[in-house]
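Okay, so the sequence shown: first residue is 307 according to my numbering, each after it adds one.
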Amino acid sequence: MHRNITAIYRTHAVADLVRRELSELGISSSDIRVVPDRDEPVDADGHRTDNKYSDQLHDLHLPDEDLRTYQQSVRRGDYVVSAEVDENQVGRAKEIMRRPEGETHNLDQRSGEFEGETVDPYSDPDNRRTNADWAAERDHDHSDPYTRSYKRNTRLNENN
């Protein structure tokens, strides 16, 4: 069983700091994804309109109920960090990803904000690579208000 930890941040600077700290923990850079992966401002309406971020989130193969929250958060200017971690790294990775507390969104509250929203479809469904082993299932035993933990049968970077 392979593990994934995901959180939402208010700024790219904090998301990048979390990425660096996860790298220092020994997590390969190919196992850490930041969406969007640069400081990307929102438009005058307070939204991002580029669908590539939605596709990048789809490529994490997370459950739709959580994907919706991540998509809507990124659309409104937030940043998602998602890391594939070894079982022995889960606790420390979660500690890193919960800090700084003022910059990390409470995922339970964020999910409630977007309850009525739909999941944006993949921009080109015919080109989407998928595999049942990539599908993540939320691990409620290791989730908390600021991080979500997932289990899947294979690492994403082995096949994706």
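All C-beta atoms, glycine included, are put in the ideal place defined by N, C-alpha and C. On a predicted model such as this, the values are computed, not experimentally measured, just so you know.
1. Report yes if the C-beta distance between VAL386 and MET403 is below 8 Å; otherwise report no.
2. From ARG405 to PRO431, what does the alpha carbon distance come to, in whole angstroms?
3. Measure the alpha-carbon distance for HIS367 versus ARG381 and round it to whole angstroms.
4. Within 8 Å, do at least three Cβ pairs link the region 405-419 to the region 349-362?
5. When the distance is taken between beta carbons, is ASN310 closer than 8 Å to ALA438?
6. Which term fits ALA313, buried or exposed, when burial requires 16 or more other beta carbons within 10 angstroms of its beta carbon?
7. Count the other C-beta atoms from every protein chain shown that fall within 10 angstroms of the C-beta of THR424, then say buried if there are 16 or more, exposed otherwise.
8. I'd like to know if the region 409-420 and the region 337-348 are in contact, where contact means that at least 3 CB-CB pairs between them fall below 8 Å.
9. Measure the C-alpha to C-alpha separation of ASN394 and GLU419 and round it to an integer number of angstroms.
Put simply:
1. no
2. 36 Å
3. 18 Å
4. no
5. no
6. buried
7. exposed
8. no
9. 33 Å
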